[in-house]
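Visitor: Before we start, here is the structure in question, set down as structure tokens.
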Amino acid sequence: MNIGVLALQGAIREHVKAIEAPDVNVTIVKKVEQLEGLDGLVFPGGESTTMRRLINLYGFYEPLKKFAHAGKPVFGTCAGAILMAREIVGQVEPHLSVMDMTVERNAFGRQRESFEALLPMKNVGEDVQAVFIRAPIIRSVGPGVTVLAEYNGDIVAAQEGPFLACSFHPELTEDDRFHQYFVQMVRESLSEAITN
Ligand code: GLN
1 MNIGVLALQG
11 AIREHVKAIE
21 APDVNVTIVK
31 KVEQLEGLDG
41 LVFPGGESTT
51 MRRLINLYGF
61 YEPLKKFAHA
71 GKPVFGTCAG
81 AILMAREIVG
91 QVEPHLSVMD
101 MTVERNAFGR
111 QRESFEALLP
121 MKNVGEDVQA
131 VFIRAPIIRS
141 VGPGVTVLAE
151 YNGDIVAAQE
161 GPFLACSFHP
171 ELTEDDRFHQ
181 YFVQMVRESL
191 SEAITN
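Numbering (the UniProt record's numbering), first residue to last: 1 to 196.
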């Protein structure tokens, strides 16, 4: 199985570590051609506006949309989730608009620029470690979206079919259960492709 980590900007290496396994080959994606042959893709955290600029600059915009529209699993963390959202509060246009949710950037306020929490997460487990850094909040989700985790009543992780998004940085902890959940999604999407 081949999983890529979009490596235009942001925390890359930690994602690679959390995904790597004997049956998982991880590609650090810096060029559009590297999307070829990938079964799943991670959009890391960082700065969504910078990432979007680099997506345009390196010709990734259409290929990434095509990747998602093909139904291949995508996991966006923090800025990566912002890239996936159909709507961004206060912004006229979204970025890739692949997942039916509205996000608000930097939504925890200045006092809470960064913090850690242990969250119960649907399908993943109890006390999942989450690091929030200038994190967005998922303000609303469409009917096809499952909320996986909330923090103080705000949605911070969600899934819509093959798309997974979270407000926080699961890669900055030793707890790789959320990444393994994504790897399992990729595994299942491959076995479905074989049986169909
Ligand atoms: N605040 C950043 C943004 O708006 C996201 C922060 C992060 O990825 N840690 O893109």
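Positions of the beta carbon are idealized from the N, C-alpha and C atoms, including for glycine.
Could you have a look at L119 and say whether DSSP puts it in helix, strand or coil?
Guide: The sequence position of residue 119 within the sequence shown is 119, counting from 1. In the structure shown, L119 sits in a strand (DSSP, three-state: E or B).
Visitor: How many Å lie between S48 and A85 at the Cα?
Guide: If you number the sequence shown from 1, residue 48 lands on position 48. If you number the sequence shown from 1, residue 85 lands on position 85. Each residue's Cα considered, the two are about 11 Å apart.
Visitor: Looking at G45: is its Cβ nearer than 7 Å to the Cβ of V29?
Guide: Indexing the sequence shown from 1 puts residue 45 at position 45. Indexing the sequence shown from 1 puts residue 29 at position 29. Taking 7 Å as the Cβ cut-off, G45 and V29 do not qualify as a contacting pair.
Visitor: Ordered along the chain, which non-local residues of its own chain (more than five positions away) have a Cβ less than 8 Å from that of G59?
Guide: The residue given as residue 59 occupies position 59 in the sequence shown. Only V32 meet the Cβ criterion.
Visitor: For S189, which residues from the same chain have a beta carbon less than 8 Å from its beta carbon, with the 5 sequence-adjacent residues on both sides left out?
Guide: The residue labelled residue 189 in the question sits at position 189 within the sequence shown. Hits under 8 Å: D39, G40, G71, K72, P73 and P162.
Visitor: Tell me whether G46 sits in a helix, a strand or coil according to DSSP, three-state version.
Guide: What you label residue 46 is simply residue 46 of the sequence shown in a count that begins at 1. Reduced to three states, the DSSP call for G46 is coil.
Visitor: For R53, verify whether its CB is less than 6 Å away from any heavy atom of ligand 1.
Guide: As a position in the sequence shown, residue 53 is number 53, starting the count at 1. Not so, every heavy atom of ligand 1 lies at least 6 Å from the Cβ.
Visitor: Is it the case that the segment 142-151 contacts the segment 115-125, given that we only count it when at least three CB pairs across the two stretches are under 8 Å?
Guide: As far as the Cβ criterion goes, the segment 115-125 touches the segment 142-151, which means the pair count is three or higher.
Visitor: Below 8 Å on the Cβ atoms is my guess for E14 versus E171; work out the distance and round it to an integer in Å.
Guide: Position 14 of the sequence shown, counting from 1, holds the residue named residue 14. Position 171 of the sequence shown, counting from 1, holds the residue named residue 171. About 4 Å; that satisfies the 8 Å criterion.
Visitor: For the alpha helix (DSSP H) that contains M185, what are its first and last residues?
Guide: Within the sequence shown, residue 185 is the residue found at index 185, counting from 1. Unbroken alpha helix (DSSP H) run through M185: R177 to T195.
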